[in-house]
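Chains as they are written, first to last, in the numbering used here: chain C, 733 to 844; chain G, 5 to 117.
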């Protein structure tokens, strides 16, 4: 069975601060996939990134970056120079062919 | 425009009154799935379908039924709703057989009194 732990329930930062959302996963599969989804206050789920277990390269997309480390089973997400529009719940997710397993989410509040 | 639609978006009902939440996608995706979201628990999978006439249980299937008679539709049926099924429900769809990203519908907020 797969499991995702997001230990940070809620984080509050002031705009322009950098913030890192932690994610630790458990899986017995040798091939697996990891995702991050964003759920803004409007409620929809927005896909941010997918990573497979063979690719440990870090990824940067604008102000977003992801650090995947198999040795520590972590897939952390950093927002640089946070903005109010980044306020949302962020889910770290593992995936198989049949389903996604979600963490419990981290609520990020960015204030002025 | 690629879309996953759910109806209704909001529903208040009473215990025991059968209801159906519809999900439709226009992307010709084989895979569809239902999740429920509860505070502090993230999203949990209820049922999924790898293709027409192929469905299987997820992590929390009790009290739910699904059917997949055609590719675009995947309705979620609550035969006898109970208050513990009060939740936010999401339908999702995905292209291909592998664990690609899933596209989610807008959600259906269900309250069972």
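Every residue, glycine too, gets a C-beta built ideally from N, C-alpha and C.
| Item | Value |
| --- | --- |
| Whose CA, out of G:54, G:81, G:77, lies closest to the CA of residue 34 (chain G)? | G:54 |
| Among residues of its own chain, excluding the 5 on either side of residue 41 (chain G), which ones have a beta-carbon nearer than 7 Å to its beta-carbon? | 47, 91, 92, 94 |
| Verify whether the separation of the beta carbon atoms of residue 16 (chain G) and residue 82 (chain G) is less than 8 Å. | no |
| Closer than 7 Å by beta-carbon distance: list the chain G residues that pair up with residue 828 (chain C), in chain order. | 103 |
| Kindly indicate which three-state DSSP category residue 89 (chain G) falls into: helix, strand or coil? | helix |
| Using a Cβ-Cβ cut-off of 8 Å, state whether residue 783 (chain C) counts as contacting chain G. | no |
| What whole-angstrom Cβ distance do residue 823 (chain C) and residue 769 (chain C) have, given they're in contact under 8 Å? | 5 Å |
| Do the CB positions of residue 833 (chain C) and residue 734 (chain C) come within less than 8 Å of each other? | yes |
| Three-state secondary structure (DSSP) at residue 804 (chain C)? | helix |
| Are residue 85 (chain G) and residue 20 (chain G) touching if we call contact CB-CB under 8 Å? | yes |
| When you compare each of G:108, G:62, G:70 to residue 828 (chain C) by their alpha carbons, which one comes out closest? | G:62 |
| Mind checking who residue 826 (chain C) pairs with in its DSSP beta bridge? | C:766, C:833 |
| What are the residues that DSSP puts in a beta bridge with residue 64 (chain G)? | None; residue 64 (chain G) has no bridge partner. |
| Going along the chain, which residues of the segment 765-780 of chain C sit with their C-beta nearer than 7 Å to a C-beta in chain G? | 765, 767, 775, 776, 777, 779 |
| Among residues of its own chain, excluding the 5 on either side of residue 49 (chain G), which ones have a beta-carbon nearer than 8 Å to its beta-carbon? | 37, 38, 39, 62, 63, 64 |
| For residue 747 (chain C) versus residue 797 (chain C), is the C-beta distance shorter than 8 Å? | no |
| Take the Cβ of residue 760 (chain C) as the centre, count every other Cβ of all protein chains shown within 10 Å, and call the residue buried at 16 or more, exposed below. | exposed |
| By Cβ distance, which residues of its chain are closer than 8 Å to residue 788 (chain C), with the 5 residues on each side in sequence left out? | 800, 801, 802 |
| Out of G:89, G:74, G:99, G:29, which has the shortest C-alpha to C-alpha gap to residue 22 (chain G)? | G:89 |
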